[in-house]
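For the protein sequence lines, the chains are A and B, in the order given. Under this note's numbering, the residue at position 157 of the first sequence is numbered 589, and the numbers go up by one with no gaps. Under this note's numbering, the residue at position 180 of the second sequence is numbered 612, and the numbers go up by one with no gaps. Heads up: the structure comes next, in structure tokens.
There are 2 protein chains.
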Amino acid sequence: MRISELSQRSGVPVPSIKFYLREGLLPRGELTSPNQARYDEDHLNRLRLVSALTGVGGLSVAAARDVLAVIDAEEPNLDDLMGVTLKAVHPITTENEPTDAELAEVDSLAERHGWYVHPDSPLREEVAQVVAALHQAGLDTGSGWVDGYARAADDVARQDHEVLTGLDGLDEVLRTVVVGTVLGERLLAALRRMAQASEAHRRYGV
Amino acid sequence: MRISELSQRSGVPVPSIKFYLREGLLPRGELTSPNQARYDEDHLNRLRLVSALTGVGGLSVAAARDVLAVIDAEEPNLDDLMGVTLKAVHPITTENEPTDAELAEVDSLAERHGWYVHPDSPLREEVAQVVAALHQAGLDTGSGWVDGYARAADDVARQDHEVLTGLDGLDEVLRTVVVGTVLGERLLAALRRMAQASEAHRRYGV
DNA sequence: CTGAATAGATAGTTCCACTATCCGCTATAG
DNA sequence: CTATAGCGGATAGTGGAACTATCTATTCAG
Chain A
433 MRISELSQRS GVPVPSIKFY LREGLLPRGE LTSPNQARYD EDHLNRLRLV
483 SALTGVGGLS VAAARDVLAV IDAEEPNLDD LMGVTLKAVH PITTENEPTD
533 AELAEVDSLA ERHGWYVHPD SPLREEVAQV VAALHQAGLD TGSGWVDGYA
583 RAADDVARQD HEVLTGLDGL DEVLRTVVVG TVLGERLLAA LRRMAQASEA
633 HRRYGV
Chain B
433 MRISELSQRS GVPVPSIKFY LREGLLPRGE LTSPNQARYD EDHLNRLRLV
483 SALTGVGGLS VAAARDVLAV IDAEEPNLDD LMGVTLKAVH PITTENEPTD
533 AELAEVDSLA ERHGWYVHPD SPLREEVAQV VAALHQAGLD TGSGWVDGYA
583 RAADDVARQD HEVLTGLDGL DEVLRTVVVG TVLGERLLAA LRRMAQASEA
633 HRRYGV
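Now the structure itself:
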């Protein structure tokens with residue numbers, strides 16, 4: 433197919449597709465002549481993936497490119513993929529260094545839930561940073577409600593890995609990890625809001 | 433205190449504070465003369481709240497302003513607050529209309545979990561949109577894993593409301609709803625990633 | 001044959017979240 | 001008392017991100 437069909441079937445405007453081609457999110461089509469290229473179903477699927485990641489997924493174009501590059505790597509590596517994906521989802525900023533007390537809070541939380549957290553893992557800092565933001569915003573994390581969040585997170589993570597074991601091709605595993613990490617987060621957030629609204633209705637009526 | 437002290441204690445640069453003042457996220461200080469104003473602890477707390485919402489919370493300045501405006505309203509209303517907050521967190525885009533099948537999927541999910549979802553609620557569309565994005569990205573939602581996410585979301589939402597019943601002042605309730613919605617989402621996401629990493633370590637070593 | 005579409009390059013646009021500069025004034029150190 | 005650093009408030013400028021428009025030289029479809 434040509435670019436206009438790709439555009440129609442994906443819902444992405446032609447200029448945007450050209451932009452993604454330039455940025456390397458989407459491989460070029462096969463040139464049949466100097467100004468004609470042919471795209472196939474793979475291109476369409478890839479474009480839909482890009483669209484999902486940058487749209488609902490909320491990734492920047494640069495972050496999406498990094499993530500996709502790992503998927504495309506010769507020897508894809510689950511570790512790399514997780515690292516890149518985690519970085520992509522919410523860029524680590526150094527806006528407010530967490531205190532040692534907050535890091536310790538995270539460590540003890542992890543211990544209570546039986547999590548192994550590498551001391552140098554950026555995740556440790558990241559969680560501590562969110563905790564720091566909660567404190568800054570005037571919320572107390574001392575009364576144990578964070579453990580409830582951790583339990584829910586643990587449930588979801590276990591299930592995520594269950595799902596992965598049911599897949600066969602490496603390609604599918606990689607794609608599922610990426611999409612599951614990026615969109616799963618959005619799904620969980622949206623469902624939480626839905627559950628919250630329902631709970632509010634149940635408790636306080638309409 | 434004057435603006436420089438506000439800046440030092442909050443970590444926000446003076447020009448940014450001026451920007452927030454202009455944008456109405458932070459109330460003006462009390463003028464003691466035409467070019468001198470006095471700020472107090474309330475200003476500092478408010479600034480820290482703004483910083484948490486726009487920083488780790490990921491809200492745009494406009495979204496933060498809308499949310500804060502509801503908190504500041506004469507007669508604050510929990511419904512308004514939730515509506516505005518939900519809109520602020522992830523702006524509703526019309527990028528890919530969910531299909532009727534996807535909406536139906538969401539409805540039956542809600543029913544299975546005993547959630548009341550108003551037919552006109554934007555949440556319905558929002559969840560369906562995430563589901564649509566998952567489909568577009570090539571993931572199947574038919575095998576029941578979404579129910580696991582819903583269960584986790586339900587747990588968290590119930591607990592969120594438990595926390596609220598333990599608070600007294602309306603002000604505190606409102607602030608907790610906002611911060612809890614915005615930052616709670618980030619917390620849950622970060623914890624999920626941490627749990628995922630730990631689970632990966634448990635299953636595949638290193 | 002002709003008009004619409006195409007590949008690829010370059011340049012322009014729009015939005016956002018700040019920054020920088022400027023002015024007239026004021027608090028304060030010496 | 002002066003010098004000077006800082007202030008409030010207004011206006012203008014900056015830099016990055018994600019497109020969007022335009023251009024040229026083809027080429028395909030009717």
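Virtual Cβ for every residue (Gly too), placed ideally from N, Cα, C.
- In summary, A/D504 is exposed, with fewer than 16 beta-carbon neighbours lying within 10 Å of its beta-carbon over all protein chains present.
- For A/A627, the C-beta contacts it makes with chain B under 7 Å involve W547, A585, D586 and A589, in order along the chain.
- The CB of A/E617 comes closer than 8 Å to the CB of A621 and R624 in chain B, given here in chain order.
- Among the CB atoms of chain A, none fall inside 7 Å of the CB of B/H475.
- The beta-carbon of B/L566 is placed less than 7 Å from the nearest beta-carbon of chain A.
- C-alpha of A/S483 to C-alpha of B/A569: approximately 8 Å in a straight line.
- Setting aside the 5 residues that flank it on each side, B/S442 is surrounded in the same chain by L476, L479, R480 and S483, each with a C-beta closer than 7 Å to its C-beta; the list follows chain order.
- When only Cα atoms are considered, B/L615 and B/S630 end up about 22 Å apart.
- Taking the Cα positions, A/E473 is about 16 Å away from A/L457.
- Taking the Cα positions, A/V595 is about 11 Å away from B/D572.
- Residue contact check for B/V488 against chain A: a CB pair falls below 7 Å.
- For a Cβ distance threshold of 7 Å, residue set V488 of chain A lies close to B/Q561, ordered along the chain.
- For A/S630, the nearest CB of chain B lies under 7 Å from its own CB, placing it at the interface with that chain.
- A straight line joining the alpha-carbon of A/T597 with that of B/W577 spans about 13 Å.
- By the Cβ criterion, the stretch 597 to 611 of chain B is in contact with the stretch 500 to 515 of chain B, since at least three pairs of Cβ atoms, one from each stretch, lie closer than 8 Å.
- With fewer than 16 other Cβ atoms from the protein chains shown falling within 10 Å of its own Cβ, A/Y636 counts as exposed.
- Each residue's CA atom was taken as its position, placing B/H550 and B/A621 some 26 Å apart.
- Our two residues, B/G489 and B/V610, have alpha carbons roughly 10 Å apart in a direct line.
- At the C-beta level, A/L513 and A/V502 come within 7 Å of one another.
- Rounded to the nearest whole angstrom, the C-alpha separation of A/A542 and A/P445 is 45 Å.
- Nearest CB-CB separation between A/R470 and chain B: not below the 7 Å threshold.
- Per DSSP, the unbroken beta strand (DSSP E) holding A/R470 starts and ends at Q468 to R470.
- Membership of A/S448 in the alpha helix (DSSP H) is indicated by the continuous run V446 to E455.
- A/H567 and A/E557 have their alpha carbons spaced roughly 15 Å apart.
- Taking 7 Å as the CB threshold, A/E558 lines the interface with chain B.
- Beyond the five residues adjoining it in sequence on each side, B/L535 comes within less than 8 Å, by CB distance, of R556, E557 and A560 in the same chain, given in chain order.
- Listed in chain order, the alpha helix (DSSP H) runs fully inside the stretch 548 to 615 of chain B are 554 to 568 and 577 to 597, counting runs of at least 4 residues.
- In this chain, A/T464 is not harboured by any alpha helix (DSSP H); it is covered by the beta strand (DSSP E) spanning E462 to S465.
- In this structure, A/L500 keeps its C-beta atom at 7 Å or more from the C-beta atom of A/L491.
- With a cutoff of 7 Å on beta-carbon distance, B/G461 and B/R470 are scored as near each other.
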